[in-house]
Amino acid sequence: MNLFNVRRLSIAAFSFSFAYLLSFLFEGQVLYSLLGLHGVNASAYILAAMIAHFAGLFTCGLFVRSRAAAKSMMFGGMGVCLVATVPFFFVPSPLWLGGLIISGYFSGCAVAAWGFFLKALTPKNERIKSCADVLIYSNLLMIAVNVVAMNRSPFIGLSLAILCLVMGMVFIWMLPVKQEDRQNKAFTNKTHGCIKNPLLLLCLFVFIITINSGLMYQVINPA
265 MNLFNVRRLS
275 IAAFSFSFAY
285 LLSFLFEGQV
295 LYSLLGLHGV
305 NASAYILAAM
315 IAHFAGLFTC
325 GLFVRSRAAA
335 KSMMFGGMGV
345 CLVATVPFFF
355 VPSPLWLGGL
365 IISGYFSGCA
375 VAAWGFFLKA
385 LTPKNERIKS
395 CADVLIYSNL
405 LMIAVNVVAM
415 NRSPFIGLSL
425 AILCLVMGMV
435 FIWMLPVKQE
445 DRQNKAFTNK
455 THGCIKNPLL
465 LLCLFVFIIT
475 INSGLMYQVI
485 NPA
């Protein structure tokens, strides 16, 4: 598999996964719609998910040291999110808050772990382009899911968000883990020393995306 195809695979994996985060978990319109449908105060749920998500972003680098570990974290983290999202098809319960905290943390770890693939599979001069591609594709998917959730049913929107999650897991599973060249081997050896910069950039990336998405929600669905 050549570098170009691997790069596109990495973008697809993260775009679908991030579409789930934007449309549901991370102040997503699907989550707001479900909470509003049941008359539940959203503030505690949203705050808990955000804190857990950023905790995952900042702690992932402590135990993910290789591309294989990053792939396992991404796949396993999205799997945990899938299980934790199921209770939202039913009436509100403690599983809702617990699910948001757990999935928030593991999704944060998965986002940070993608930094391994961004650096290993994308040439340095194309990394900004890769981030831009992820931004575009994930937001397009998010808008489609949000439109359905707001105009049809929150449960249909939730199903579509889960479909994005499953598609992301499929592409994550297809990501290569073998170090195919010297550059990738050097990256593995230097991971301990250089994980902080990509992690901080990803945190900033998620922060900007959150602000952008929040502004979009206010335009599309004003209070």
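For the numbering used here, add 264 to where a residue sits in the sequence shown, where the first one is 1.
Each residue gets a CB set at the ideal place from its N, CA and C atoms; glycine is no exception.
A quick note: this is a predicted structure, and the numbers were derived from the prediction, not measured.
Kindly list the residues whose CB is nearer than 8 Å to the CB of I420, restricted to its own chain and excluding five residues on each side of it in sequence; keep chain order. The residue given as residue 420 occupies position 156 in the sequence shown. So the list reads V412, A413, once near-sequence residues are dropped.
Alpha carbon to alpha carbon, how far is C428 from F280? Give it in angstroms, no decimals. Reading the sequence shown from its first residue, position 16 is the one you call residue 280. Reading the sequence shown from its first residue, position 164 is the one you call residue 428. When rounded, the distance between both Cα atoms is 5 Å.
Could you name the residues of the same chain whose beta carbon sits closer than 6 Å to that of I310, not counting the 5 residues immediately before and after it, in chain order? On the sequence shown, position 46 is the one that residue 310 refers to. Non-local beta-carbon contacts of I310 in its own chain, meaning distances under 6 Å to residues more than five positions away in sequence, involve E291 in chain order.
Please list the terminal residues of the continuous alpha helix (DSSP H) segment that includes L382. Here residue 382 corresponds to residue number 118 of the sequence shown, with the count starting at 1. Where L382 is concerned, the enclosing alpha helix (DSSP H) stretches over 358-385.
Three-state class that DSSP yields for R416 in the structure shown: For the purposes of this step, residue 416 is taken as the residue at position 152 of the sequence shown. In this structure, R416 counts as coil in the three-state DSSP scheme.
Helix, strand or coil for H302, going by three-state DSSP, please let me know. As a position in the sequence shown, residue 302 is number 38, starting the count at 1. Coil.
By a C-beta neighbour count over all protein chains shown, 10 Å radius and 16 as the cutoff for buried, is W378 buried or exposed? As a first step, residue 378 is located in the sequence shown; it is residue number 114 there, counting from the start. By the neighbour-count rule (16 or more Cβ atoms within 10 Å), W378 is buried.
Would you identify the three-state DSSP class for R331, choosing helix, strand or coil? What you label residue 331 is simply residue 67 of the sequence shown in a count that begins at 1. Residue state, collapsed to three classes: helix.
Could you name the residues of the same chain whose beta carbon sits closer than 7 Å to that of Y496, not counting the 5 residues immediately before and after it, in chain order? In the structure as shown, the chain begins at 265 and stops at 487. Residue 496 is therefore absent and cannot be evaluated.
Work out the CA separation of N415 and P387 for me, nearest whole Å. Your numbering for residue 387 matches position 123 in the sequence shown. Your numbering for residue 415 matches position 151 in the sequence shown. Roughly 41 Å separates the two Cα atoms.
For a test of the three-state rule: what should DSSP assign to K442, helix, strand or coil? The count along the sequence shown starts at 1 and reaches residue 442 at position 178. Of the three classes helix, strand and coil, the one that applies to K442 here is coil, per DSSP.
Compare the beta carbon distance of L321 and P418 with 8 Å and say whether it is the shorter of the two. As a working mapping, residue 321 is identified with position 57 in the sequence shown. As a working mapping, residue 418 is identified with position 154 in the sequence shown. It is not a contact, given that the beta carbons lie outside the stated cut-off.
Secondary structure of H456, DSSP reduced to three states: Translated into the one-based positions of the sequence shown, residue 456 becomes position 192. With a pLDDT of 45 at H456, under the threshold of 50, the predicted position of this residue should be treated as unreliable, though the coordinate-derived value follows. It is helical.
Are the CB atoms of L289 and A313 nearer to each other than 8 Å? Mapped onto the sequence shown, residue 289 falls at position 25. Mapped onto the sequence shown, residue 313 falls at position 49. Yes; because the gap between Cβ atoms is below 8 Å, this pair is in contact.
Evaluate the contact criterion for the segment 335-342 versus the segment 354-361: three or more CB pairs, one atom per stretch, below 8 Å. No, the segment 335-342 is not in contact with the segment 354-361.
Classification of I426 by the beta-carbon crowding that lies within 10 angstroms, buried from 16 upward: Locating residue 426 in the sequence shown gives position 162, counting from the first residue. Result: buried.
Nearest-angstrom Cα distance between A408 and V398? Here residue 408 refers to the residue found at position 144 of the sequence shown. Here residue 398 refers to the residue found at position 134 of the sequence shown. Roughly 15 Å separates the two Cα atoms.
Please classify G303 as buried or exposed, where buried requires at least 16 neighbouring CB atoms within 10 angstroms. Residue 303 sits at position 39 when you count from the first residue of the sequence shown. Classification for G303: exposed.
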